[in-house]
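Worksheet: the structure to be examined is printed underneath.
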Amino acid sequence: MTKLLEVKNLTTQFFTTSGIVQAVDNVSFDIDEGETVAVVGESGCGKSVSALSILRLIPWPPGKIVGGSIHFAGRDLLALSDDEIRTIRGREISMVFQEPMTSLNPVLSIGLQLTETMEHHLGISNKEAHQKAVELLGMVGISEPERRLSQYPHHLSGGMRQRVMIALALSCEPKLIIADEPTTALDVTIQAQILELMKNLTKQMGVALIVITHNLGVVARYADRVNVMYAGKLVEMGQAREIYHDPHHPYTLGLLASVPRMDQPRGTRLIPIDGQPPDLTLLDSGCAFRPRCRFAVDQCATEIPPLQTVDHEHASACWRVSEISELKVAS
Amino acid sequence: MTDTQQAVSASPVDSSVGEDAFVQIRNLKMHFPVTEGTIVQKTVAHVKAVDGVSFNINRGETLGLVGESGCGKTTVGRCILQLERPTAGEIMFDGRDLTQLTQKELIPVREKVQVIFQDPYSSLNPRMKIGTMLEEPMRVHGIITDASKRKERVRELLSVCGLDPKFADRYPHEMSGGQRQRVGIARALALDPAFIICDEAVSALDVSIQAQVINLLEDLREQFNLTYLFIAHDLSVVRHISNRVAVMYLGNLVELADGDELFDNPTHPYTRALLDAVPIPDPVVEGDREHRIIKGEVPSPMNPPSGCVFHPRCPMAVDSCRSSVPEFREITSGHYVACTEV
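Residue numbers (the numbering used here), protein chains in the order written: chain A, 1 to 331; chain B, 332 to 673.
So, in structure tokens, the structure goes:
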């Protein structure tokens, strides 16, 4: 079966005055139809840039996709013209951003923003689009949809705006939705509402979902598969259960040990990862995680470890991948 | 401190038994006026950011204060710091009611009560060197008058907070978020305070850095005998760091208990909803968990619901919740809850 999305060796760089930033470096992953994949990592690890690269939304200058390929439903997105990619954006792949206040147009009514998209992409009449907009708002749990259509973003709360964003993302029945930190700006009870809504709607409509987040709890609750990124590289990927219960990269291990958990006894000390993420303009020819890694060996300084299969779809980019389980127990 | 002592001093309502409480907050109210008109300002409404909150903070403990945005948790912190002059209520610290003190009388208090803010980017002056920034409070308060001793103290503060003393000559933009937050902590420690208000002190940090700073805060508490009011929205962090936890909703305290008690035995429907909403970083645990998701959103504090402020979203609400304000009562020793139905 062909994959819905296949990203191969994607490399995106930013050419800045302080040097070349290797934001995304040789990243390959794929998405099946209807599945939910989470991309996790800390600020600056390249998770958002890889998502923006899929939609070719990297601003040039300074950013540029310098290598790799992105195949979506059989088409090479990097080979498309600007006009062609515009028929994909919002129609077949849509996006939900973190900050619904900045991603909705403040001077256009909710109704106009919804109908405009559908009229443009689906070629339906204004009346039909209006009808559909009402349905969509009802579907995402907004009360009195008819009245809301004439309102503006500032009339709505953060949670409501994010619901509108989801309605907008679903409006053209895309095959893939990329949600970039969709709930980071929201309170925890609203976060739960929004994530549940996204999960149910994407399942119902068979839409694949890429969730970009730094929240390991959100990933555990909603994702089928997980990609862990560090310093622009994919360091581990696999089924959510494998990543959480049998992590094979020292960074993933470190991340899991550094978050306090509600289901563990209180008073246990957190084990942070020492140091801080590297400057992406100064990466060398070794593993970028090496300076913070407890298990680093000489080889880590000279060669970048490739992704190596652990089991089936589970892969980790660490030279000591085969020893990780013993190292974990020993430390 | 023994358990019984803690239970007694935990009483947030009865001030007579809270003799050894370090900070006592009684019926604190902070209403911000909403005005209309440009030349003649007319008050048209009040935002009831904090509406009658009482609790104690014991010496040497970390009291967690949680709630969603707009619940008034930060305003409580700002009132204790006297950055806001509360509308009503008392804040007893060191035997004095801070709300009655003049700005001048507050100066020695400010030595003892410090704050760490959320955003390490906006809370450090971009044009000041780290060293100057850390020296300033000592100079202002006349703690160390000798310049070379002050510099020595700056180096000491930086290394206590896990930073290279060389950072004294740097500017904030040369540092990462985690390092800046350490500077914010060093600044709070500069005057050798007894009490620190941490307002979302780790919320802006990445998880691996967050753990470093949480551990640092815990170590400093031990080392310098500090008392913390830890204000945050992240329940797993609050659970980790706090001895006792208070939950706020729309300007009111809804529950207060010892950490274990609150998280193992949450009683107020809002606390339960909050805890249910926090995802656990384990797909197996999450798969087995029942997700009861609370409906609706937080109402406006300008026009809060009558009776119990939580009743419009509450799954257990009965008729009386609409009209009568629930008393903040002790259900078991040291466990307080503002709900009539539990």
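Even for Gly, the Cβ is constructed at its ideal location relative to N, Cα and C.
Query	Result
Contact list for B:ALA352 against chain A, beta-carbon separation under 8 Å	The premise fails here: B:ALA352 is roughly 23 Å from chain A at the closest Cβ pair, so nothing lies under 8 Å.
A:LEU270 to B:ASP550 span [Cα, whole Å]	12 Å
Supposed contact pair A:ASP263 and B:ILE356 - C-beta distance, whole angstroms, cut 8 Å	About 32 Å; that fails the 8 Å criterion.
Presumed contact (8 Å Cβ cut-off) between B:HIS564 and B:SER534, rounded CB distance	7 Å
As assigned by DSSP and simplified to three states, the class of A:GLY19	strand
Short Cβ contact (7 Å threshold) for B:LEU396 with B:ALA519	no
Contact between the stretch 514–530 of chain B and the stretch 232–239 of chain A (3+ Cβ pairs under 8 Å)	no
Extent of the continuous beta strand (DSSP E) run through A:HIS71	63–72
Close-in-space but distant-in-sequence residues of the same chain around A:VAL37 (CB under 8 Å, 5 per side omitted)	PHE29, ILE31, ALA208, LEU209, ILE210, VAL211, ALA223, ASP224, ARG225, VAL226, ASN227
B:HIS362 in three-state terms, based on DSSP	strand
DSSP-derived helix/strand/coil call for A:ASP25	strand
Euclidean distance between Cα positions of B:ILE527 and B:VAL446	5 Å
Secondary structure of B:VAL348, DSSP reduced to three states	A caution first: B:VAL348 carries a pLDDT of 41, below 50, which makes its placement in the model too unreliable to give a value.
Where B:TYR601 sits in the DSSP three-state scheme	helix
Cβ pair B:CYS670, B:HIS571 closer than 7 Å	no
A:TYR244 versus A:ASP311, A:LEU216, A:GLU146, residue with shortest Cα-Cα distance	A:LEU216
Cutoff 7 Å: B:GLU531 Cβ touching any chain A Cβ	no
Closer than 7 Å to chain A by CB, B:GLN355	no
Contiguous alpha helix (DSSP H) assignments of at least 4 residues, all confined to the stretch 267–322 of chain A	298–302
Contacts that B:ASP611 makes with chain A (C-beta to C-beta distance below 7 Å)	Here the sequence assigns Ile to residue 611 of chain B, which means Asp is not the residue at that position. Within 7 Å Cβ-Cβ: GLY217, ALA220, ARG261, MET262, ASP263.
Simplified DSSP state of A:LEU216, which is helix, strand or coil	helix
B:VAL544, DSSP secondary structure in three states	helix
Span separating the alpha-carbon of A:GLY267 from that of B:VAL569	11 Å
Element boundaries [alpha helix (DSSP H), containing A:GLU119]	110–122
Bounding residues of the alpha helix (DSSP H) (the contiguous stretch that carries A:TYR251)	250–258
Contact check, A:SER171 vs A:LEU201, beta carbons under 7 Å	no
B:GLU658 classed as buried or exposed, judged by whether at least 16 other C-beta atoms fall within 10 angstroms	exposed
Contact under 7 Å by Cβ, A:LYS47 with A:MET198	no
Contacts that B:ALA519 makes with chain A (C-beta to C-beta distance below 7 Å)	By Cβ distance, chain A contributes nothing, its closest Cβ being about 20 Å from B:ALA519, past 7 Å.
Any chain B beta carbon closer than 7 Å to A:ALA192	yes
Unbroken alpha helix (DSSP H) run spanning A:ALA87, endpoints	The sequence shown places Thr at residue 87 of chain A, rather than the Ala named in the question. Run containing A:THR87: 82–88, per the alpha helix (DSSP H) assignment.
Interface residues of chain A facing B:LEU605 [CB-CB closer than 7 Å]	VAL188, THR189
Exposure of A:HIS155, with buried meaning 16 or more beta-carbon neighbours within 10 Å	exposed
Counted within 10 angstroms of its Cβ, other Cβ atoms place A:GLY90 as buried (16 or more) or exposed	buried
N- and C-terminal bounds of the beta strand (DSSP E) containing B:ASN387	373–389
Unbroken stretches of the beta strand (DSSP E), 3 residues or longer, contained in the stretch 473–541 of chain B	526–530
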